[in-house]
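Undergrad:
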Amino acid sequence: MAATATSVQKPDFGTKRKHFIFTDEHEQLRESIRNFAIKELAPHAEEWEQTTFPDSVFARMGELGFLGLDKPEQYGGQGGDYYTALVLAEEITNGNSGGLAMGIAVHTDMAMPPILAFGSEEQKQEWVVPAIKGEKILCLGITEPDAGSDVKGIKTRAVKDGDDYIINGSKTYITNGHRADMIVLVTKTDSDAGYNGFTLFLVPMDAPGVIREKKLEKLGMHASDTALLAFQDVRVPASAVLGQVGKGFYHIMWELQGERLIGAAGMVSGAQKCFERTLQYAHERKAFGREIGKFQVIRHKFAEMATKIESARQMTYITAWRFNNGEYPVREISMSKLHASRVLCEVADECIQIHGGAGYMREYGVERVWRDARLNRIGAGTDEIMLDVIGRSYGL
Amino acid sequence: MIQPPFTEEHEELRASVRGFLDRELAPHAQAWEEERWFPDEVFGKLAAQGLLGLKYPAELGGQGGDYLHEAVLVEELARIGSGGTAAGIGAHTNIATPPIWKFGTADQHQRYLVPAIAGEKIGALGITEPGAGSDVAALRTRATPVDGGWVVNGEKTYITNGVRAHFIVTAVKTTEEGGHHGISFLIVDRGEGVTSAKLEKLGWHASDTATIAFEDAFVPAENLLGAEHEGFKQIMANFQWERLAMALGAVGAMALAWERTAEFARERTAFGRPLSKHQAIRHKLADLATSAYTARCVTYDALRRFVAGEEPLKEVTMAKLMTQRASFELMDACLQIHGGAGYMKEVWVERAARDSRLGPIGGGSDEIMREILGRVLAL
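Chains as they are written, first to last, in the numbering used here: chain A, 24 to 419; chain B, 29 to 407.
1. CB-CB under 7 angstroms to G72 (chain B), same chain, minus the five flanking residues each way: which ones, in chain order?
2. Is any beta-carbon of chain B found at less than 9 angstroms from that of G185 (chain A)?
3. Assuming R403 (chain B) and P33 (chain B) form a contact by the criterion Cβ under 8 angstroms, report the distance between their Cβ atoms to the nearest whole angstrom.
4. Per DSSP, E314 (chain A) forms a beta bridge with which residues?
5. What are the residues in the stretch 302-317 of chain A lying within 7 angstroms of chain D by C-beta distance?
6. Can you list the beta strand (DSSP E) stretches of 3 or more residues lying completely in the stretch 292-374 of chain A, in chain order?
7. When the Cβ atoms of the stretch 357-373 of chain A are set against those of the stretch 391-404 of chain A, are three or more pairs found closer than 8 angstroms?
8. Going along chain B in order, which residues have a C-beta closer than 8 angstroms to the C-beta of K241 (chain A)?
9. Looking at the C-beta of M205 (chain A), does it have a partner C-beta in chain B at a distance below 9 angstroms?
10. Measuring alpha carbon to alpha carbon, tell me which of B:I396, B:A114, B:A278 and B:V174 ends up nearest E61 (chain B).
11. Compute the Euclidean distance between the alpha carbons of I127 (chain A) and A343 (chain A), then round it to the nearest angstrom.
12. Only counting runs of 3 or more residues, tell me where the beta strand (DSSP E) segments fall wholly within the stretch 228-288 of chain B, in order along the chain.
13. For A406 (chain B), does the three-state DSSP call read helix, strand or coil?
14. With distances taken from CA atoms, which of B:G159, B:G177, B:W178 and B:P127 is nearest Y186 (chain B)?
15. The beta strand (DSSP E) that contains A225 (chain B), what's its start and end?
16. Of all the CB atoms in chain A, is at least one closer than 9 angstroms to the CB of F195 (chain B)?
17. Check whether the Cβ atoms of G118 (chain A) and A65 (chain A) sit closer than 9 angstroms, and answer yes or no.
18. What is the residue span of the beta strand (DSSP E) that L251 (chain A) lies within?
19. Using the Cβ count rule (16 or more neighbours within 10 Å means buried), how would you classify M29 (chain B)?
20. In chain A, what lies closer than 8 angstroms to E228 (chain B) by C-beta?
21. Please identify the residue among A:R235, A:Y417, A:E114 and A:L111 whose C-alpha is closest to the C-alpha of A250 (chain A).
22. So, is L358 (chain B) buried or exposed, given that buried needs 16 or more other C-beta atoms within 10 angstroms?
23. Taking C-alpha atoms, which residue in B:L407, B:A347, B:V377 and B:A369 lies nearest to G387 (chain B)?
24. Provide the residue(s) that pair with W178 (chain B) in DSSP beta bridges, ordered along the chain.
25. Terminal residues of the continuous alpha helix (DSSP H) containing V80 (chain A)?
26. By the 10 Å Cβ neighbour count, where 16 or more other Cβ atoms means buried, how is T318 (chain B) classified, buried or exposed?
27. Since V412 (chain A) is in the alpha helix (DSSP H), which residue starts that stretch and which ends it?
28. Hey, would you say A288 (chain A) sits closer than 9 angstroms to T330 (chain A), going by beta carbons?
29. With a cut-off of 9 angstroms, does the C-beta of L398 (chain A) fall near any C-beta of chain B?
30. If the criterion is Cβ atoms closer than 9 angstroms, does the pair A326 (chain A) and M290 (chain A) meet it?
31. Check the Cβ of I127 (chain A) against every Cβ in chain B and list those closer than 9 angstroms, keeping chain order.
32. For S468 (chain B), which residues in chain A fall below 8 angstroms Cβ to Cβ?
Printed below as a string of structure tokens:
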């Protein structure tokens, strides 16, 4: 057959193509967040690894409207769709700091959504409005020293005392735990009621009896502030209950879905950035007389990584599309989170390997991506919990 | 049953080495990691126990043993719980001093090996450069002949013990072209024209890893190690032992990590029962035990052949390739089993994961191991 215009069509590598879930407005937002991250965050990334990032980042992002992209306008948000939150998660990775991205995400995508979904008007005014402005910082308390994956096993108790509740217990691995003004706290209010015995509280961090214990040192995410917290006879009024008494377990499981999907988007983006940086290195670095990227083994490593990243990206986007269209796709969200976190870790690891000795050194920054990435297979539900959720969704 | 090639005698040595490391070094591992440095006195302590000269002859102050005795120490160094400390010790005993022993003159033995075995002089090996890692023949550090010796100019990087070393066994170009027949080994004393700068790393924090710059550093003629221009062969000669040592280190680290993680899994409860009673965790630990045992068998086989004088290039390369990746994967899985605690500095496993990640890069990367195997297997 003779060559025609269509049969000799050149491959289009799609660098300018956008996914159908995004509009031009999303792309403009993407660019403005990217510019902000590159100009105002990335230059400090190295320093913030030592000091943790400053609270002023919240204020600045509030000022720019980035903390309420998908939140209702009546509370100071931008009233955007779910995808705007995805765009934030993707572009904040240009700040080159997993710890910073996590601190922001805990505030916008973990602590705020349950208040908006289950909170009273008063609670929204008191916490969400200043949180969107970046004037108040929020955190979320689920995990305890003896209860991680097993949320049902938490021991923090809230006991009714007249019109108040008295809270006792401890929480650990709490992101923003030292800087936060308020914690969305998961407690047990009825230990005989099984899944119906949990209640969420909005507890001001300056309430008497809230003790910010040590700052926890971690493998990565050094720019984030991670706390061990103790609650000793903390008295809160009944108006501090978030949502329904006894329904806290369900409230928090709902919250985790949005968090996991947003997280997956950030992981895909982080993997992409690491890939690009390493691609540049492979073009520049020479060994045995040629660019290392020209060795077949290295070329294939990039091909593998690109394929993995693309699969995770499409999975995440399409799941977000379902979520945005009113489905509650727990199975697909769990799959996206599981897959994206593995892809990110594998990509970061391969990027270290491609960098060779340089990959192991701090100055090249890949080792930090690797350390930060590793949290994603543990936080917000471990791989094992994701596998359990997916497996159970088939009635197993 | 003691697994060959080790015998009763080696197991006695193992018990005593283990006791010493548990008692004298392990308690300081955390502090040394934080300080990004272990003290030089560690070498003195090891020397006092005879542990810096296990494989070296008695007349040089060694113990008169062989590579199997050394292998026991290398495997047990994992007990310190600090890959960086083990690396600093290993760089001295397994990569810096063997070329001096093998290719050195009696005078060089007296000047370097004897004080090294006594823990009085610390050694480093300088091969890698910013522009030459896996591609050793591409190194550019140049030794120019002058009256009475050479002047050396160039830069070395990722050098373990690079700041503290009293002498650096350095690979240099002694011809304009360099390459396979233009490289020589010089023993460079720290002194004028030799400056070091410390590097920060993903792991191995207690180890002193540095770039070393040579600026018109004078090296006397009597510090040429072995034959001039034949350094490439000498570099390669010790790679077999270095890689075996890395495999042995992984074997020791894997065994220890598995034991600790299994203990954690038996104690930690979630969903009303110990983690070890969850099938997914139990099976994961079963896989890890299999991987650790495989690593041991592959390594011991290569070691047995090496000690028997077989020059088992294929087996050593396979052992290095298999164990380094397996060790990291095991540490990563142990970290995962620890959950959130695994990500925290206060639990040993995050450090073990960081430390083990060097394995597939250092001492010849996985990619180089596969290249060697490709040649050995006539591909």
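The beta carbon of each residue, even a glycine, is placed where N, CA and C say it ideally should be.
TA: So, from the listed chains and residues:
1. The beta carbon of G72 (chain B) sits closer than 7 angstroms to those of G147, all from its chain and outside the five residues before and after it, given in chain order.
2. no
3. Actually they do not touch by this definition, with Cβ atoms about 27 angstroms apart.
4. A:K309
5. In summary, chain D is missing from the structure at hand, where the protein chains are A and B.
6. none
7. yes
8. Neighbours of K241 (chain A) on chain B, chain order: Y371, M372, K373 and E378.
9. no
10. B:A114
11. 20 angstroms
12. Within the stretch 228-288 of chain B, the runs of beta strand (DSSP E) at least 3 residues long that lie entirely inside it are, in chain order, 237-248.
13. coil
14. The closest CA to that of Y186 (chain B), considering only B:G159, B:G177, B:W178 and B:P127, is found on B:G159.
15. V222 to K226
16. no
17. yes
18. Per DSSP, L251 (chain A) is one residue of the beta strand (DSSP E) stretching across T249 to P260.
19. exposed
20. M384, R385 and E386
21. A:R235
22. buried
23. B:A347
24. B:P173 and B:V247
25. According to the DSSP assignment, V80 (chain A) belongs to the alpha helix (DSSP H) that extends over S79 to E86.
26. T318 (chain B) should be labelled exposed.
27. For V412 (chain A), the uninterrupted alpha helix (DSSP H) run begins and ends at D406 to R415, by DSSP.
28. no
29. yes
30. no
31. Near I127 (chain A) there are no residues of chain B at all, since even the closest Cβ is about 19 angstroms away, more than 9 angstroms.
32. Because chain B spans 29 through 407 in this model, residue 468 (chain B) falls outside it and cannot be assessed.
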